[in-house]
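Residue 251 in numbering that gives the first Met the number 0 sits at position 252 of the sequence shown, with consecutive numbering throughout. The C-beta atom is built at its ideal place from N, Cα and C for all residues, glycine as well.
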Amino acid sequence: MSDRDQAGDDARHDAGARAGASTQPAETSEAAAAYAAVRPEVEAATALFVDMVTGLLDDAGINYLSVSGRTKSVASFASKAERRDSRGLLYPDPLTDITDQIGVRVITYVHDDVAAVAELLSEELAVLDDRDMGLETARAGRFGYASRHQLVSVDASRTVPPAYESLRRRSASVQIRTVLQHAWAEFEHDIRYKGTVPEEHAHELDRRFTLAAGLIELADREFSAIRDRLQMALPAAAPGPDEQDQRISSPDLAKFLASKYAGAGWARTDHYTWVSGLLLELGITSVEALADVIEPVDSADLIERMGYKYPPGAVRRLDDALLATFGTRYLDLEGNAHRRASLEARLDRLASS
Numbered sequence: 000m001s002d003r004d005q006a007g008d009d010a011r012h013d014a015g016a017r018a019g020a021s022t023q024p025a026e027t028s029e030a031a032a033a034y035a036a037v038r039p040e041v042e043a044a045t046a047l048f049v050d051m052v053t054g055l056l057d058d059a060g061i062n063y064l065s066v067s068g069r070t071k072s073v074a075s076f077a078s079k080a081e082r083r084d085s086r087g088l089l090y091p092d093p094l095t096d097i098t099d100q101i102g103v104r105v106i107t108y109v110h111d112d113v114a115a116v117a118e119l120l121s122e123e124l125a126v127l128d129d130r131d132m133g134l135e136t137a138r139a140g141r142f143g144y145a146s147r148h149q150l151v152s153v154d155a156s157r158t159v160p161p162a163y164e165s166l167r168r169r170s171a172s173v174q175i176r177t178v179l180q181h182a183w184a185e186f187e188h189d190i191r192y193k194g195t196v197p198e199e200h201a202h203e204l205d206r207r208f209t210l211a212a213g214l215i216e217l218a219d220r221e222f223s224a225i226r227d228r229l230q231m232a233l234p235a236a237a238p239g240p241d242e243q244d245q246r247i248s249s250p251d252l253a254k255f256l257a258s259k260y261a262g263a264g265w266a267r268t269d270h271y272t273w274v275s276g277l278l279l280e281l282g283i284t285s286v287e288a289l290a291d292v293i294e295p296v297d298s299a300d301l302i303e304r305m306g307y308k309y310p311p312g313a314v315r316r317l318d319d320a321l322l323a324t325f326g327t328r329y330l331d332l333e334g335n336a337h338r339r340a341s342l343e344a345r346l347d348r349l350a351s352s
């Protein structure tokens, strides 16, 4: 979200608008009325952007905690529409110029995945703006707010599912941060914008928030180190497996993939379960059998042929190996029915490279 925290920005403007609605300039009132008329469409587009981004993350096998969206409030839109500088209105055509009407927030567990999400969106969508707020803060020699902000739109040159065609006319402000960065930002925002901090305590408050931001940056690094260490130390098997379930267990599969694709990111827990189901459809019920099946695949060559600009997760890399190995048989699996079109496109890419 292009402002530092659009949800809080909306809340503040809602309160201010109720207090000063009668003093709004005519052009601002007209802009607000125009936006209010189309806001239901913007809300629908917000839901589509959230669905599309979630699908991209799932397909790439990138781990994340949540993907959520918000539609800019009418009061916040009106307040932004009236902003001026020495040359006049900053947004002379508010419905077009105000680009954060749609906001999407992606929360990851570790900082490496923030970069992975940003790189994925850069490959799959048109990125109109990209700011690493944490890097900007660090370059200023400070600790504080940290989040990756991207303004994205659907690339006009790409084919998208019919459900997303309406998004070609719109952009979305995507905010990507770790769960620790999110906790800091939400708490800091909540405290500062309640306006209850006495002036004499403001300096001490700033010092403590800076200290907390430094500790959170350290904690984020430690979480990444813990994740990297645990990738090679997962339990050999899930406790008390269901003897009737012939699928490779999620812990077994996660450990195998961590070893097979060293350095690749973890996937969500449900992704391991899902791909185990695909393997069962193929008659693969052990990691030994899986290793034999994909052993002939040159992993480095496969990544080059796929042309990834983002680091694909371990499950995505296995997905590619199975696609390269089984071809149309893999396309026909029941568990792939919902994504057959995207798999066909990837198979075509392999065949043409």
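Only exposed fits Phe186, as fewer than 16 other CB atoms lie within 10 angstroms of its CB. Taking a contact to require three or more Cβ pairs closer than 8 Å, the segment 206–215 and the segment 148–165 do not qualify as touching. Here Leu322 really is in contact with Leu346; their C-beta atoms are around 6 Å apart, less than 8 Å. In the DSSP assignment, Asp128 is bridged to Leu150.
Bridge pairing for Thr107: Thr177 [DSSP]. DSSP places Ile101 in the strand class (E or B) of the three-state scheme. Contact annotation, Ala35 with Gly68: C-beta distance approximately 19 Å; criterion of less than 8 Å not satisfied. According to DSSP, Ala171 shares a beta bridge with Val151. Cα atoms of Lys308 and Leu56: separation of roughly 14 Å, rounded to the nearest angstrom. Assigned with DSSP and collapsed to three states, Arg69 falls in strand. In this structure, the alpha-carbon of Arg304 lies about 19 Å from that of Leu120. In the three-state reduction of the DSSP assignment, Arg228 falls in the helix class. Taking a 10 Å sphere around the C-beta of Val37, we find fewer than 16 other C-beta atoms and assign the residue as exposed. Under the DSSP assignment, Ile302 falls in the alpha helix (DSSP H) whose first and last residues are 298–305. Shortest Cα-Cα distance from Asp96 to any of Asp131, Ala171, Ser249 involves Ala171. Annotated three-state conformation of Leu321 is helix, per DSSP.
Per DSSP, Ala344 is one residue of the alpha helix (DSSP H) stretching across 339–351.
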